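Take the sequence shown: its letters are residues 1 to 269, numbered as in full-length UniProt numbering.
We treat Cβ as the ideally placed atom computed from N, Cα and C, and that holds for glycine.
Just so it is clear, the structure is predicted and the values come from calculations on it, not from any experiment.
First up is the structure itself, then whatever we jot down about it.
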Amino acid sequence: MLLSFENLTLTLRGREILRGVSGQFEPGKVTVILGANGAGKSSLLSCLVGLREPQSGSVTLDDRPLLSLDNRERGRAIGLLPQRPDIHWNVDVKTIVGLGRLPHSGRWGMSAADHEAVVKAMAATDCTDLADRKAMRLSGGEQGRVLLARVLAGEPQWLLADEPLASLDPAHQFDVLERLKSYAIAGNGVIVVLHDLTQAARFADNIIVLKEGAILASGPREEVMTAAIMGQAYGVEVQIGISDRGNPWWFRFGVCDNLGANRNGHRDE
Ligand SMILES: Nc1ncnc2c1ncn2[C@@H]1O[C@H](COP(=O)(O)OP(=O)(O)OP(=O)(O)O)[C@@H](O)[C@H]1O
C-alpha cells in the first residue's frame, strides 16, 4: 500500500503553511522528515492522517483518497503519535493503550486478539510494569511510551510519529527507534519527524527536508544528508563527520573549527 500526497496546499489564518508539496512513502521503509521549527512538518503529518484538510491537493492510499475512507478504515491504515503527547485522563495505562484498538474492536468490546495486541504493544515499549498505574501521574517520558504503545496496539499499516524521542532518556530513545525500525522491516510504513540529525542519519532509509512549507530535498538518506542541504535547511553552516563505512555520524552547527585535518571529518561546501 503506497501513501502519496500530491500538490498539498495548506493555508491557516491567511498564512500559507504548505506550498504545493508532493511526495510518496514506501512501505517497509523509515522516512524521516527534517526541517527547522515552523517548516511545516507537523502540518504535513496532520494532512497525511486526515486531521487537517488542505485547501488543494490530495492524500491517497493506493490511489484511494484518504478522506474517502471511513474513520475505522482510516484508523486501521494510519496511526499518529502526536507531538508533545500529554495525558489528562484519569485512567490506567492498559485502558489508554487499549484505545488504540478502537478501529479494530467490534461492538461487543475487545476480543482476545485485541488484548493480545495491547499486551504486545506494552511489552514493546517497556510499559508492562506501568499497566495498572494512572497514566496522568506518569513522567513525561513514560507518558510518551504509553502513547506510542497505544499507536502500536492499533497495528496501523502506516505509523506516523511526530518527534517521538522528545523527553525520552537515551536508552528509551534507542529502544523506540529500534522498535520503529522493526515495525518498518515487518512491512509497514514508518514516517517520523526528528530534530536529532545523528539519530536521523542512523535510522532513516529516506529523508524529506521541508523548508518554509516547501520540499527542499527528498530521497535516500545518503543523498539528502549533505552539509549543503542541511545548511540550507537550518540556515547555519553544518559540518558532517563521516564514519569509516561512509555514513554520517556527527553534525556540528555554526562556524566551527576547520576539521579538514580530521580523518573522519569532511566539509561539503
Ligand atoms: N492553527 C494554526 N494557525 C496558524 N498558523 C499555524 C497553525 N498551526 C501551525 N501554524 C504555523 O504553521 C507553521 C508550521 O507549523 P508546524 O507545526 O507544521 O511546524 P513544524 O515544522 O512542525 O515545527 P516544529 O519543529 O517547531 O514543531 C508555523 O509557522 C506555525 O506557526
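- In this structure residue 198 is exposed. Its beta-carbon is surrounded by fewer than 16 other beta-carbon atoms within 10 angstroms.
- In this structure, the CA atom of residue 84 is about 21 Å from the CA atom of residue 213.
- The DSSP-derived three-state label of residue 29 is coil.
- Distance from the C-beta of residue 37 to the nearest heavy atom of ligand 1 is below 7 Å.
- Ranked by Cα distance from residue 57, the options 100, 38, 5 and 28 are led by 5.
- Taking a 10 Å sphere around the C-beta of residue 170, we find fewer than 16 other C-beta atoms and assign the residue as exposed.
- According to DSSP, residue pairing for residue 16 in a beta bridge involves 11.
- Listed as beta-bridge partners of residue 191 by DSSP are 31 and 160.
- As DSSP reads the structure, residue 252 sits in a beta bridge with 239.
- Listed in chain order, the non-local C-beta contacts of residue 211 below 8 Å within the same chain comprise 35, 36, 39, 232 and 233, local neighbours out to five positions each way being set aside.
- Spatial neighbours of residue 23 in its own chain (CB-CB distance under 8 Å, excluding positions within 5 residues in sequence) are listed in chain order as 4, 5, 208, 215 and 218.
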